[in-house]
Amino acid sequence: MTDASTGKVVVNRVMSLDGFIAGPGHTMDWIFEHMTSATFPEVMAATGAMLIGRGTYEVGKRMSDENPGYDGGAQFVLTHRPPDELDPNVTFLTCDIEEAVATARRAAGDKNLEILGADVAAQCLQRGLVDEILVYVLPVLLGDGVRFAPPGLDRIDLEPFSNVQSGGVTMLRFHVRK
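Each residue of the sequence shown is one higher than the last, beginning at 32 in our numbering.
Structure (structure tokens):
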């Protein structure tokens, strides 16, 4: 399946220095102690759509009242079980990962498709669908939680191309070698 998007597929992650993208119980409130959507506004400006896993969507929904302001364009949630009460601002997809990425890329137009969620990102990486990985490393050690990469992810070689610091946050960018 071809798509008309000229943007990239970018796995976007916030990570503690010890490699966790969420704390125990999937907590992510620690992120907003160190950064907001204004920390790296160029990332939001380059994003046209987001493909999110259901777990990340649920965590984000709980946190959105406390930390509004991130507008990454059209939101797509890949899930086996759409919620009973649908969100009118979100498109729930129950297709395979390739079709989900193609659908969200079309919505992104000429901008990037941002991939959020450990499982969805791992599926995209395993199938060679990712162009870049963007990681915000925060100055905190969580000790436990959801790891950056789930067990079973095969080796993926990366090529670093950018690192920028804003306050205590370091943004690392990598091309995925294909």
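A virtual CB, placed ideally from N, CA and C, is assigned to each residue, including glycine.
task = Have a look at the DSSP bridge pairing and note the partners of residue 107.
result = 82 and 122
query = Do residue 202 and the ligand MG come close, with the Cβ less than 7 Å from some heavy atom?
reply = Absence of the ligand MG is noted for the structure shown, with no ligands found whatsoever.
inquiry  = Considering only their Cβ atoms, is the gap separating residue 125 from residue 110 smaller than 8 Å?
reply    = yes
ask   = Are the Cβ atoms of residue 47 and residue 169 separated by less than 8 Å?
value = yes
query = So, are the CB atoms of residue 80 and residue 153 less than 8 Å apart?
reply = no
ask   = What distance in whole Å lies between the Cβ atoms of residue 208 and residue 189, which are believed to be in contact at a cut-off of 8 Å?
value = 7 Å
request  = Check residue 28 in the structure and name its three-state DSSP category.
outcome  = A question about residue 28 goes unanswered here, because the residues of the chain that appear run from 32 up to 209.
ask   = Apart from the five residues on each side of it in sequence, which residues of its chain come closer than 8 Å, Cβ to Cβ, to residue 197?
value = 66, 70 and 71
request  = Compute the Euclidean distance between the alpha carbons of residue 63 and residue 53, then round it to the nearest angstrom.
outcome  = 12 Å
Close beta carbons around residue 49, own chain, < 8 Å, minus the five adjacent residues each side = 172, 173 and 174
task = Quick one: residues in its chain with C-beta nearer than 6 Å to the C-beta of residue 83, no 5 flanking neighbours on either side, listed in chain order?
result = 108, 147 and 148
key: Neighbour-count burial assignment, residue 117, 16 or more Cβ in a 10 Å radius   = exposed
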